[in-house]
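Q: Taking the working numbering, I'd label the letters of the sequence shown as residues 189 to 257. Ideal Cβ positions, reconstructed from N, Cα and C, are used throughout, including at glycine. No experiment lies behind these values; they were computed from the predicted model shown.
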Amino acid sequence: MSPEVKEVNLVEEHLEFLGTLDAIGSGARYPKDLAAARKTYSRNVAQDYLVKTKEILEWIKKDQIFKQL
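1. Please report how far the alpha carbon of Arg226 lies from the alpha carbon of Gln235, in whole angstroms.
2. Do Ile244 and Val196 have their beta-carbon atoms positioned less than 8 Å apart in this structure?
3. Shortest alpha-carbon distance to Gly213 belongs to which of Glu200, Glu201, Tyr229?
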């Protein structure tokens with residue numbers, strides 16, 4: 189039985205941020221040079237990413253499509 193495909197309507201800002209997270213994902217998890225990663229992803233950047241991620245998670249929790257899953 190194939191899962192039903194639903195359209196998710198994220199705002200453009202959230203889509204762009206998810207693209208950013210996807211692009212940096214493995215580099216942030218497995219940095220070859222930890223010092224360089226810490227410079228690139230400072231505490232402020234990490235906090236900003238965390239806030240944006242929490243916003244998207246809250247949206248997912250409220251969206252009717254995800255409530256049906």
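A: Result, derived from the coordinates:
1. Near 13 Å, if we compare the C-alpha coordinates of Gln235 and Arg226.
2. No; because the gap between Cβ atoms is not below 8 Å, this pair is not in contact.
3. Tyr229
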